[in-house]
Amino acid sequence: MALPDISRSMLNNSLVLGLFAVLTVGLVAVTQFGTADRIAAAEREAKARALGEILPAGSYDNHLLDHPREVFDPLLGNKTATPAYVATLKGQPSGIILQATAPDGYSGSIVLLVGVLADGRLAGVRVIGHKETPGLGDKIELAKSPWIRSFEGRSLTSPDESGWAVKKDGGQFDQFAGATITPRAVVKAVHKALQYFDAHKAELLAVQENSNG
Amino acid sequence: MALPRITSPHAKGNNRTQRVMLLVAAACAPGALALTWLFGIGTLVNLVWASLVAVAVEAAILAVRRRPLAFFLKDGSALVTAVLLALALPPYAPWWLTLVAVGFAIIFGKQLYGGLGQNPFNPAMLGYVVVLISFPIPMTSWPAPHSVGVWEGLQHIFGLASLPDGWSQATALDSLKVNKSLTMDELWAQNPAFGQFGGKAVEWVNLAFLLGGLFLIHKKIISWHAPLGMLGALFVMSLIFWNGSGSDSNGSPLFHLLTGATMLGAFFIVTDPVSGATSNLGRVIFGAGVGILVYLIRTWGGYPDGVAFAVLLMNLAAPTIDYYTRPRTYGHRKAERGFKLGE
Amino acid sequence: MASYREIAVNGLWKNNPGLVQLLGLCPLLGVSNSMVNALGMGIATALVLAASNAAVALVRNQVTDAVRLPVFVMIIAALTTCIELLMQAFTYELYQILGIFIPLITTNCIILGRAEAFAAKNSVLHASFDGLMMGAGFGLVMLAIGTVRELLGTGAILGNMHLLFGPIAAHWQLTLFSDYSGFLLAILPPGAFLVLGLLIALKNVLDERAAERAKATAAAPAPATSRRVRVTGVIE
């Protein structure tokens, strides 16, 4: 049965289009299949490296990403539950990395990773997201200024309550030239994260022991 | 941009460009003196250095563009840009900062558009915004009143030696923005330099610019429409959103009128005949737009003061404002406003 | 049919996608704030462009006009997705920085533009060479903008090159001005427009000079051939 011209061209075009759809989807599928493992590895590696930088080398021997635990508390300032990564050394919990949010940055929230050692001292703090003014408030990034390292080794008792503020407010942490609000917000958020850790220390570190054992 | 929307008759006055420009520069004198009285030699150094840079850059660009040097240099517009910038920049801004600001204002703000009369943006404000965005630290370093000596000041500006740490302090607008704990009275008591009439304080600088502005209106160099629009809008906005003098205060109307670059902006910037609106009604609207934006930026924006940003934004709107505010043409009954079908 | 020389001159200079056609402005302005970003994005764009041109030229006789565009779009989208996956696998950190701009290569007008204007009418070899040259022209402009912006903004160049070249490039950074305040405007979005504008002006000045020289040496003007759409410069 001979098809009219229009139908034939429609059929032909549909076939060509379909063929190309199959070909291109196939190409993408093959590439995805070939790269999936590599991508997963790269993603993990990048995340592990970012977390690993916060804790001192040698203070843990587990894979930090292995047993993340969801935590949520007003003291952390996060809007949703966030993962907390517990570090262990020879099976004993040695520290934890918490995500905290400073809601009162100069322009919006500042998201931090706060690494706390088991004894309550800060291992390190990193900013993972912010919208602060370039050249002023963005000195909270390690790439721009070493300021964020000034938290290392601090704890709830050193300095004491009144010392947890920028120098302008009578505390012990430097502010930046021309920017006070940003470091003030970060100092406050880190302080609160420490308070959270202090209040929930047993439960935060104990859970990990169980899951390991 | 001064699109000639206003039709004849045009009376021919004696306001030549050169005379206008020189009078504007002269009217800045009270403000410049007040700044010098308050902050020391820095403002005067800025004035001289900015003027030298402006004339040199203008001459260089004119030479590249193969335009007659003397004719364009004599109009004094580069000088006015330099004077306005020198007054707007912090008194002890490093020399290279002034160089970049003035250079950008003249080259990118004016000459690349084709010279005086063709620039859609106010060149001085363009230069100011460029350095404000690029160098936030020196741009927010205002000295405490009467704290910097002549010799230290000069050394600081030209990079020979730095002023001791802590020479700069927050301006009133900065403090208001950063303040979270003090009531207004406490904040002001802590910083006598913020003023409230009497004493050595920044409000006198604004009053001095007001004086210069009134002189220009008296001389018919500028009309009262744009300044009234801006100051009126700023007053109304700060009255509507005035929430008392607690620690979350937005600042009183009087404070907003007499702080930051309010008066400099109202009488010397929004009255720019090239980048502003041209009809009288248009000028009122243009000024009001600036006033509203200034308040929005000061209160909820990312910068403590917003005159420069507000002026640039309204510069963009000026041709549209002109389009909708064409005055009645002589001999016609109604003004032609807005788009018409079949036009 | 154009010679390879002509194709190269066209892509790299005369009809440069970045400076003359002003196509693909979104990535050109968006991710040209440092050399490594510009280079990574330039290479990704050039690869997609060369591959899509080759693929389009390969199938140009099998595809009727009615389904031409959907087929081209499918080819381009598939190739972009492949490049995205490969970048994710091998340059993960750069992929994260360039973010949405990588999938957006699909919508880059240069790519569909070259598929339509050149690849659909030429042999596979010519088409892939054209894609490569157009991509190189685009990438080089982007790299030039990236270099100027990084230098003005930070006083150094070649920073963070390890994102692209691995650990051996970790110390390639060249600080040209130490104790530099950093002209932030250059790194922020307005800097991209300013630098692009200045580069276009520079190209026009060079072209004008060259035209004057050519006029001085030979009285006979070159025959006008190319009639492609241009946004800047003179339509010949």
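Protein chains in written order, with the UniProt record's numbering: chain A, 1 to 213; chain B, 1 to 343; chain C, 1 to 236. The C-beta atom is built at its ideal place from N, Cα and C for all residues, glycine as well.
DSSP-derived helix/strand/coil call for residue i
{"i": "residue 21 of chain C", "result": "coil"}
{"i": "residue 175 of chain A", "result": "coil"}
{"i": "residue 198 of chain B", "result": "Because residue 198 of chain B carries a pLDDT of 49, less than 50, the predicted location of this residue cannot be relied on, and no value is offered for it."}
{"i": "residue 125 of chain A", "result": "strand"}
{"i": "residue 333 of chain B", "result": "coil"}
{"i": "residue 104 of chain A", "result": "strand"}
{"i": "residue 154 of chain A", "result": "coil"}
{"i": "residue 222 of chain B", "result": "coil"}
{"i": "residue 113 of chain A", "result": "strand"}
{"i": "residue 115 of chain B", "result": "coil"}
{"i": "residue 213 of chain C", "result": "helix"}
{"i": "residue 30 of chain A", "result": "helix"}
{"i": "residue 56 of chain A", "result": "coil"}
{"i": "residue 95 of chain A", "result": "strand"}
{"i": "residue 375 of chain B", "result": "Because chain B in this structure spans residues 1 to 343, residue 375 of chain B falls outside the shown range and cannot be described."}
{"i": "residue 69 of chain A", "result": "strand"}
{"i": "residue 86 of chain A", "result": "strand"}
Status (buried if at least 16 other CB within 10 Å, exposed otherwise) for residue i
{"i": "residue 92 of chain A", "result": "exposed"}
{"i": "residue 11 of chain A", "result": "exposed"}
{"i": "residue 57 of chain B", "result": "buried"}
{"i": "residue 178 of chain C", "result": "exposed"}
{"i": "residue 265 of chain B", "result": "buried"}
{"i": "residue 92 of chain C", "result": "buried"}
{"i": "residue 217 of chain C", "result": "exposed"}
{"i": "residue 84 of chain C", "result": "buried"}
{"i": "residue 160 of chain B", "result": "exposed"}
{"i": "residue 181 of chain B", "result": "exposed"}
{"i": "residue 251 of chain C", "result": "The first residue shown for chain C is 1 and the last is 236, placing residue 251 of chain C beyond what the model contains."}
{"i": "residue 198 of chain B", "result": "Residue placement at residue 198 of chain B cannot be trusted, given a pLDDT of 49 that sits under 50; the coordinates are not used to answer."}
{"i": "residue 114 of chain C", "result": "buried"}
{"i": "residue 151 of chain B", "result": "exposed"}
{"i": "residue 279 of chain B", "result": "buried"}
{"i": "residue 210 of chain A", "result": "In this prediction, residue 210 of chain A scores a pLDDT of 47, lower than 50, which makes its location untrustworthy; no coordinate-derived value is stated."}
{"i": "residue 117 of chain C", "result": "exposed"}
{"i": "residue 18 of chain C", "result": "buried"}
{"i": "residue 127 of chain B", "result": "buried"}
{"i": "residue 164 of chain B", "result": "exposed"}
{"i": "residue 177 of chain B", "result": "buried"}
Beta-carbon separation (whole angstroms), residue i vs residue j, contact threshold 8 Å
{"i": "residue 92 of chain B", "j": "residue 157 of chain B", "result": "6 Å"}
{"i": "residue 239 of chain B", "j": "residue 203 of chain B", "result": "Actually they are not in contact, since the Cβ atoms of residue 239 of chain B and residue 203 of chain B sit about 18 Å apart, beyond 8 Å."}
{"i": "residue 43 of chain B", "j": "residue 52 of chain B", "result": "Actually they are not in contact, since the Cβ atoms of residue 43 of chain B and residue 52 of chain B sit about 15 Å apart, beyond 8 Å."}
{"i": "residue 54 of chain C", "j": "residue 127 of chain C", "result": "6 Å"}
{"i": "residue 89 of chain B", "j": "residue 97 of chain B", "result": "7 Å"}
{"i": "residue 187 of chain A", "j": "residue 173 of chain A", "result": "5 Å"}
{"i": "residue 52 of chain C", "j": "residue 182 of chain C", "result": "At roughly 39 Å, the Cβ-Cβ gap does not stay under 8 Å, so residue 52 of chain C and residue 182 of chain C are not in contact."}
{"i": "residue 196 of chain C", "j": "residue 145 of chain C", "result": "6 Å"}
{"i": "residue 87 of chain A", "j": "residue 64 of chain A", "result": "6 Å"}
Residue closest to residue i, alpha-carbon to alpha-carbon, out of the options
{"i": "residue 110 of chain B", "options": "B:123, B:101, B:103, B:102", "result": "B:123"}
{"i": "residue 254 of chain B", "options": "B:276, B:293, B:206", "result": "B:206"}
{"i": "residue 36 of chain A", "options": "C:90, C:20, C:77", "result": "C:90"}
{"i": "residue 121 of chain A", "options": "A:140, A:59, A:42, A:48", "result": "A:59"}
{"i": "residue 166 of chain C", "options": "C:69, C:40, C:105", "result": "C:40"}
{"i": "residue 95 of chain C", "options": "C:211, C:202, C:164", "result": "C:164"}
{"i": "residue 57 of chain A", "options": "A:180, A:94, A:43", "result": "A:94"}
{"i": "residue 75 of chain B", "options": "B:177, B:141, B:18, B:277", "result": "B:18"}
{"i": "residue 170 of chain B", "options": "B:260, B:26, B:16", "result": "B:260"}
{"i": "residue 207 of chain C", "options": "C:146, C:14, C:194", "result": "C:14"}
{"i": "residue 102 of chain A", "options": "A:27, A:51, A:181, A:61", "result": "A:181"}
{"i": "residue 315 of chain B", "options": "B:283, B:297, B:327, B:143", "result": "B:283"}
{"i": "residue 120 of chain C", "options": "C:140, C:175, C:75, C:171", "result": "C:75"}
{"i": "residue 186 of chain B", "options": "B:312, B:256, B:245", "result": "B:245"}
{"i": "residue 230 of chain B", "options": "B:175, B:269, B:243", "result": "B:269"}
{"i": "residue 20 of chain B", "options": "B:290, B:249, B:299, B:223", "result": "B:223"}
{"i": "residue 190 of chain A", "options": "A:112, A:86, A:15", "result": "A:112"}
{"i": "residue 50 of chain A", "options": "A:114, A:168, A:136", "result": "A:114"}
{"i": "residue 241 of chain B", "options": "B:213, B:256, B:154", "result": "B:256"}
{"i": "residue 134 of chain C", "options": "C:60, C:31, C:71, C:45", "result": "C:45"}
{"i": "residue 172 of chain C", "options": "C:3, C:157, C:143, C:185", "result": "C:157"}
Query raised in the report: What alpha helix (DSSP H) runs, 4 residues minimum, are completely inside the segment 10 to 96 of chain C?
Result: 25 to 30, 35 to 59, 65 to 90
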